[in-house]
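A.B. asks: If you scroll down you'll find the structure; I have some questions about it.
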């Protein structure tokens with residue numbers, strides 16, 4: 005299976021979600037899957053061409069779903085939360101996204 009070129013902005017790419025740019029941009033570049041190796045779509049060929057699924061070896065958050073830092077992108081990167089992605093969609097005000 006052939007993969008796309010990784011986007012230089014990786015998980016921080018705003019073009020990936022842009023209504024004006026995403027279609028063309030996402031046909032050219034790949035991104036880390038927000039669920040990493042725990043992705044439910046890891047065997048879906050179109051998904052696996054556009055997204056990489058490298059192991060994201062981090063501990064489970066002790067507070068899990070009761071965590072007060074669920075909207076903190078850095079916290080989500082360093083700790084897993086059951087059923088939630090490791091990476092948040094780039095957004096200026098994460099609590100409103």
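Numbering (our numbering), first residue to last: 5 to 101. By construction, the Cβ of each residue, glycine as well, lies at the ideal position given by its N, Cα and C atoms. From a predicted model like this one, the values you see are computed outputs, not experimental measurements.
1) Comparing C-alpha positions only, which one of 83, 89, 11 and 44 sits nearest to residue 67?
2) Please give the ranges of any beta strand (DSSP E) in the region 23-100, keeping only runs that are unbroken, at least 3 residues long and fully inside the region.
3) With DSSP as the reference, please indicate the residues paired to residue 9 in a beta bridge.
4) Can you check which of these residues, 32, 42 and 44, is closest to residue 10 by C-alpha distance?
5) With distances taken from CA atoms, which of 65, 70, 14 and 28 is nearest residue 79?
6) Leaving out five residues on either side along the sequence, give the residues of the same chain with a beta carbon under 6 Å from the beta carbon of residue 41.
7) Evaluate residue 105 with the Cβ neighbour count: other Cβ atoms within 10 Å of its Cβ, from every protein chain shown; 16 or more gives buried, anything less gives exposed.
8) What number of angstroms, rounded off, separates the C-alpha of residue 43 from the C-alpha of residue 55?
9) Looking only at its own chain, which residues have a Cβ that is under 6 Å from the Cβ of residue 16, when we skip the five neighbours before and after it?
C.D. replies: By the coordinates alone:
1) Ranking 83, 89, 11 and 44 by Cα distance to residue 67 puts 83 first.
2) Within the region 23-100, the complete beta strand (DSSP E) runs of at least 3 residues are 33-36.
3) Beta-bridge pairing links residue 9 to 33.
4) The residue with the shortest Cα to Cα distance from residue 10 is 32.
5) Selected option, being the one with the closest Cα: 65.
6) 57 and 59.
7) Here the chain covers residues 5 to 101 and nothing more, so residue 105 does not appear.
8) Straight-line Cα distance between these residues: approximately 10 Å.
9) Around residue 16: 94.
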